[in-house]
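Before any comments, here is the structure.
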Amino acid sequence: MLSEFDLIARYFQQPGLASAGPWSPQLGIGDDCAVMSVPEGRQLAVSMDTLVADVHFPAAAAPELIGYRALAVTVSDLAAMGAEPAWFTLGLTLPEANPEWLSGFVQGLQQIAQKVGISLVGGDTTRGPLTITLQVHGLVRTNNWLSRKYAKPGDDIWVTGTLGDAAAWLSYLQQGLVESPTNENLKALWSRYYQPVPRVAEAQKLVALGCQCAIDISDGVLADLGHILTMSQVGALLDLSSLPASNALQQVLPDPEKRQEVMLTGGDDYELCFTAPPHLAKNIIELLSPSCPITRIGQINQAPGVVSTSGQPITITKGGYQHFS
Ligand SMILES: Nc1ncnc2c1ncn2[C@@H]1O[C@H](COP(=O)(O)OP(=O)(O)OP(=O)(O)O)[C@@H](O)[C@H]1O
Ligand SMILES: Cc1ncc(C[n+]2csc(CCOP(=O)(O)O)c2C)c(N)n1
Ligand SMILES: [Mg+2]
Numbered sequence: 647m648l649s650e651f652d653l654i655a656r657y658f659q660q661p662g663l664a665s666a667g668p669w670s671p672q673l674g675i676g677d678d679c680a681v682m683s684v685p686e687g688r689q690l691a692v693s694m695d696t697l698v699a700d701v702h703f704p705a706a707a708a709p710e711l712i713g714y715r716a717l718a719v720t721v722s723d724l725a726a727m728g729a730e731p732a733w734f735t736l737g738l739t740l741p742e743a744n745p746e747w748l749s750g751f752v753q754g755l756q757q758i759a760q761k762v763g764i765s766l767v768g769g770d771t772t773r774g775p776l777t778i779t780l781q782v783h784g785l786v787r788t789n790n791w792l793s794r795k796y797a798k799p800g801d802d803i804w805v806t807g808t809l810g811d812a813a814a815w816l817s818y819l820q821q822g823l824v825e826s827p828t829n830e831n832l833k834a835l836w837s838r839y840y841q842p843v844p845r846v847a848e849a850q851k852l853v854a855l856g857c858q859c860a861i862d863i864s865d866g867v868l869a870d871l872g873h874i875l876t877m878s879q880v881g882a883l884l885d886l887s888s889l890p891a892s893n894a895l896q897q898v899l900p901d902p903e904k905r906q907e908v909m910l911t912g913g914d915d916y917e918l919c920f921t922a923p924p925h926l927a928k929n930i931i932e933l934l935s936p937s938c939p940i941t942r943i944g945q946i947n948q949a950p951g952v953v954s955t956s957g958q959p960i961t962i963t964k965g966g967y968q969h970f971s
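Read in order, the letters of the sequence shown are residues 647 to 971 in this note's numbering.
Given below as structure tokens:
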């Protein structure tokens, strides 16, 4: 039987996780706290996500996928700020210490940790219903970050990648239509749900270009753009015909109305929604689009509310995923 301390030493205190990125802690796993130095000219950006089995991910999913997805979606919040991932802590609540499950989970965690360059510096392990809490620490250059509150009237509204893929997969799964992908289109949607790509490099490019306003899309673009609008005290004109759909989504959801709804409100995209003055458009396209598709989906208005280019008001009926309603 694994003790809590054996479990930590065997699965978490290993170089593949603890030294997965370039920013080594002064003191990592093993003491009462971890100690990290923030380099001169940088500030710390901190965010936390709690992921509950069967609320945020299917409990029965492969542990590699659960580990990968959990850290990817949490790092997406660092991306939204234009921060460089540096360190993370892991609060893990497990119903049992199953070695097979744990080694799969750590494998998935390690894959994404190494991809984005973030090192595990500490955590807490407890027994109970499967819940994963990740706290991520990133570095920004002093006073140089993206925020939800800096959208200005006249700014273009952009999104990275495509929308609705992960939500379409989830809806297939929840309707019991599929358990695992059976063709290339479903495989593409499946991977958007389980292996989201936090847009870390793209956001840092946006900061370098002088962009100031972004959010990551966890709740659907309508709800998350809504946070930008509220915090910036502005409104938006949206060109619904421009919303970017992947080929897979177009094949799987050929009905344009259903597709539009899933793209606007589905959630789990982990793409960026950002705004920028039109004079930056050319530079943004040149710097980002060779490696990441970007699409202009509208413009920031002075007047509050969201309207479509055809003049229809667009109301947020669901307001994103609500845990208590
Ligand atoms: N329990 C809490 N105590 C303090 N602040 C909180 C708490 N819960 C949320 N917040 C803060 O509220 C803000 C919005 O949190 P939320 O979790 O909705 O973030 P999000 O980025 O919109 O969503 P996601 O977690 O899907 O990325 C963040 O600044 C977050 O730190
Ligand atoms: C199994 C399963 N069922 C439903 C969903 C959908 N979902 C749950 S929470 C959330 C928003 C972000 O959460 P939070 O605001 O807590 O960070 C979304 C889109 C999912 N991902 N997996
Ligand atoms: Mg977020």
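All C-beta atoms in this analysis are idealised placements derived from N, C-alpha and C, irrespective of residue type, glycine included. If you're wondering where the values come from, they're calculated on a predicted model, not measured in any experiment.
Query raised in the report: For the region 684 to 720, which segments carrying the alpha helix (DSSP H) assignment without a break, of at least 4 residues, lie completely within its bounds, in sequence order?
Result: Whole alpha helix (DSSP H) segments, 4+ residues: zero.
Report task. Count the other C-beta atoms from every protein chain shown that fall within 10 angstroms of the C-beta of T955, then say buried if there are 16 or more, exposed otherwise. Result -> Exposed, because fewer than 16 other Cβ atoms sit within 10 Å of the Cβ of T955.
Query raised in the report: Quick one, are the C-beta atoms of L883 and V952 less than 9 Å apart?
Result: Result yes, Cβ atoms of L883 and V952 sit closer than 9 Å.
Report task. Classify F751 as buried or exposed, calling it buried when 16 or more other Cβ atoms lie within 10 Å of its own Cβ. Result -> Buried.
Report task. With a threshold of 8 Å, establish whether the CB of S693 neighbours any heavy atom of ligand 1. Result -> At least one heavy atom of ligand 1 falls within 8 Å of the beta-carbon of S693.
Query raised in the report: G737: beta carbon under 8 Å from a heavy atom of ligand 5?
Result: Ligand 5 is not part of this structure, which contains only ligand 1, ligand 2 and ligand 3.
**Report entry** Distance cut-off 8 Å: S864 Cβ against heavy atoms of ligand 3
**Finding:** S864 has its CB nearer than 8 Å to a heavy atom of ligand 3.
Query raised in the report: Three or more beta-carbon pairs under 8 Å between the region 774 to 783 and the region 809 to 817, yes or no?
Result: Between the region 774 to 783 and the region 809 to 817, the count of Cβ pairs shorter than 8 Å is below three; the stretches do not touch.
**Report entry** Beta-carbon proximity of C919 to W791, cut-off 9 Å
**Finding:** For the 9 Å CB-CB criterion, C919 and W791 do not form a contact.
Query raised in the report: For D678, does the count of other Cβ atoms within 10 angstroms reach 16, so buried, or fall short, so exposed?
Result: Classification for D678: exposed.
Query raised in the report: How do the region 722 to 730 and the region 686 to 700 stand: do at least 3 beta-carbon pairs fall below 8 Å, yes or no?
Result: Result yes; three or more Cβ-Cβ pairs closer than 8 Å.
Query raised in the report: Taking contact to mean at least 3 C-beta pairs separated by less than 8 Å, is the region 908 to 926 in contact with the region 819 to 836?
Result: Contact check between the region 908 to 926 and the region 819 to 836: fewer than three CB pairs, one atom from each, fall below 8 Å, which does not count as touching.
Requested in this report: Measure the C-alpha to C-alpha separation of K928 and Q945 and round it to an integer number of angstroms.
Outcome: Rounded to the nearest angstrom, the two C-alpha atoms are 16 Å apart.
Query - Distance between beta carbons of I874 and R794, contact taken as under 8 Å - result: About 5 Å; that satisfies the 8 Å criterion.
Query raised in the report: Can the beta-carbon of P671 be found less than 9 Å from the beta-carbon of V767?
Result: In this structure, P671 places its C-beta atom within 9 Å of the C-beta atom of V767.
Query raised in the report: Are the beta-carbon atoms belonging to W733 and G667 less than 9 Å from one another?
Result: A contact, by the Cβ cut-off of 9 Å.
Query raised in the report: Is D631 near ligand 3, going by C-beta to nearest heavy atom under 8 Å?
Result: Summary: the structure shown does not reach residue 631, with the chain confined to residues 647 through 971, and so no result is reported for it.
Report task. Locate the alpha helix (DSSP H) running through R794, then write down its first and last residues. Result -> R794: not part of any alpha helix (DSSP H); DSSP gives it neither H nor E.
**Report entry** Host beta strand (DSSP E) of P731 (start-end)
**Finding:** Looking at the DSSP string, the run of the beta strand (DSSP E) that includes P731 is 730 to 740.
Query raised in the report: In chain order, what residues of the same chain have a beta carbon less than 8 Å from the beta carbon of I675, not counting five sequence neighbours either side?
Result: Cβ within range, chain order: I654, F658, Q659, A664, L766, V767, G768, G769.
Requested in this report: Have a look at V719, G763, D801 and flag the residue whose alpha-carbon is nearest the alpha-carbon of R838.
Outcome: The shortest Cα separation from R838 among V719, G763, D801 belongs to V719.
Query raised in the report: How is L724 classed by DSSP in three states: helix, strand or coil?
Result: Correct three-state label for L724: helix.
Query raised in the report: Going by alpha carbons, who is nearest to L852 out of L711, A680, A729?
Result: Considering only alpha carbons, the answer is A729.
Report task. Please classify V786: is it buried, with 16 or more other beta-carbons within 10 angstroms of its beta-carbon, or exposed? Result -> With 16 or more other Cβ atoms inside 10 Å of its own Cβ, V786 counts as buried.
Requested in this report: Check L926 in the structure and name its three-state DSSP category.
Outcome: Residue state, collapsed to three classes: helix.
Query - Heavy atom of ligand 2 within 8 Å of A725 beta-carbon - result: The answer is no for A725.
Query raised in the report: Is any heavy atom of ligand 2 found at a distance shorter than 8 Å from the C-beta of V701?
Result: For ligand 2, at least one heavy atom lies less than 8 Å from the Cβ of V701.
Query raised in the report: Going by the beta-carbon positions, is the gap between P924 and G881 smaller than 9 Å?
Result: It is not a contact, given that the beta carbons lie outside the stated cut-off.
Requested in this report: Please go through the same chain and pick out, in chain order, the residues whose beta-carbon is closer than 6 Å to the beta-carbon of Q756, but skip the five residues on each side of it.
Outcome: Residues G662, L663 of the same chain have their beta carbon placed closer than 6 Å to that of Q756, with the five preceding and five following residues left out of the count.
Query raised in the report: Roughly how many angstroms lie between the CA atoms of G866 and P936, to the nearest whole one?
Result: Each residue's alpha carbon lies about 25 Å from the other.
Requested in this report: Taking the CB atoms as reference points, tell me whether D901 and G810 lie closer together than 9 Å.
Outcome: Contact: no.
Query raised in the report: When DSSP builds the beta bridges, which residues end up paired with G768?
Result: DSSP lists T735 as the bridge partner or partners of G768.
**Report entry** Contact set for L832: own chain, Cβ-Cβ below 8 Å, skip 5 residues either direction
**Finding:** For L832, where only same-chain residues beyond five positions count, the Cβ hits under 8 Å are W815, Y818, V824, A894, V898.
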